[in-house]
Every structure is written in C-alpha cells, then in structure tokens.
Amino acid sequence: MATPAEQPTLDLGELSLPQLQQVKSQLEEEIGYLTNSYAKLKKAQATFRECLNSVQALTPSAENATTLIPLTTSLYVPGRLTDVKTVIVDLGTGYYAEKSTADAAKFYEGKVKYLQGNLDQLQATITGKQDNLQVVVDVMNYKISQQNKSASATAAAK
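Sequence positions in the sequence shown follow full-length UniProt numbering and run 1 to 158.
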C-alpha cells in the first residue's frame, strides 16, 4: 500500500465532470474492497478469540470431562478430555504444533493483537478514502451547480 508521500495528488478543481466521476467510481470500488477485507480480518480475529477462550477454558478441573468433538461442521462425536496441559495449535497452511495451554494462549493473544493492528491501519485507510470520496462529491456538486448557474444565465440572456 502506498504511503501518503507516494500517492499522486490531483487538483480536483481542474478535472472535468467525467473525470471526477471516474475518480469517484475508483474510490467507491477501493472502499468496497477495503471494507470487504476489513470484514474478513474481523472474522479471522473472532476465530482466534474463540480459540483463545477455548484454550483458557482448559483448566485442571476440566480433565476427564466429557465433551463433543467435531469431525465436520455438522458431525460431532462424544469424547473425554484426558490431557488439559497440552493442545494442538493450527499454525496455518496445514502446519500444526503441540503447545502447552499457556503457550497456546500466548500464541492466540499474539494473533488477536496482530490482527487488531492491521484492523486499525485498515480502518484509518478506509476513513481516509471516505474523506477523499466526500471531497470529490463536493467538488462534483459545486461544478454541477456552476454549470446550472451558467446555463440559466445563458438562457436568461436569450
């Protein structure tokens, strides 16, 4: 993603209405894409929070407790927790690691914090794009009102 120093600047007052419409469309498309990405990151963060809560729920008193083990999203089988000191953690891209519950909790906390940082940056970018879009719309409205004034002045002169 380009930093503000790298982004080209446009003098919106010098652009024609069709050019402004094109800039507006591009900004709307970018905002839609970024908003979609934000929603996906938020969903991933919620998943990691659920994992963190599950790991934190594994206390010594939960040992030998019966539970339902998911085989698929809709098929569960009964099972019993025999070891609450270690868990298998999905590291991503098909890799798994056995970790202690404390290490697993730190892992998931790190993931949640990392995603929160990305979400904050993305929110700032979305807000900036929305501000830019509002400026473009304001310039378009100003130009349209100027055209209407000149058209009515021309019609009145005839």
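Cβ atoms here follow ideal geometry from the backbone N, Cα and C, with glycine treated the same way.
Spatially closest choice to residue i from the options, by CA coordinates
| i | options | result |
| --- | --- | --- |
| T67 | I144, A57, L75, G79 | G79 |
| L81 | A62, N132, K42 | A62 |
| G117 | N132, Y38, Q19 | Y38 |
| C51 | N36, S16, L91 | L91 |
| L41 | K113, K143, A153 | K113 |
| F48 | K149, L115, A153 | L115 |
| Q19 | S150, K143, A155, N148 | K143 |
| V89 | T59, A104, V77, D83 | A104 |
| D11 | Q147, A156, A44, N132 | N132 |
| S16 | T154, A153, Q146 | Q146 |
| P60 | G13, A156, A102 | A102 |
Sequence-distant residues of its chain with Cβ nearer than 7 Å to residue i (five each side left out)
| i | result |
| --- | --- |
| K129 | L27, E30, I31, L34 |
| S100 | K85, T86 |
Residue i, DSSP secondary structure in three states
| i | result |
| --- | --- |
| A155 | helix |
| S16 | coil |
| V87 | strand |
| A65 | coil |
| P70 | strand |
| P8 | coil |
Cut-off 6 Å between Cβ atoms - residues of its own chain near residue i, not counting five sequence neighbours on either side
| i | result |
| --- | --- |
| A65 | L81 |
| K24 | V136 |
Same chain, Cβ closer than 8 Å to residue i, five either side skipped, listed in chain order
| i | result |
| --- | --- |
| Y96 | I88, V89, D90 |
Check whether the stretch 89-108 touches the stretch 55-73, counting contact only when three or more Cβ pairs, one atom from each stretch, lie closer than 8 Å. Yes, since at least three Cβ pairs between the stretch 89-108 and the stretch 55-73 fall closer than 8 Å, the two stretches touch.
Should the stretch 112-124 be regarded as contacting the stretch 135-143, the criterion being three or more beta carbon pairs within less than 8 Å? Too few Cβ pairs lie closer than 8 Å, so no.
Quick check on the DSSP output: what are the complete beta strand (DSSP E) runs of length 3 or more inside the stretch 81-155, in order along the chain? Taking 3 residues as the shortest admissible run, the stretch 81-155 contains the following complete beta strand (DSSP E) segments, listed from N- to C-terminal end: 86-92, 95-100.
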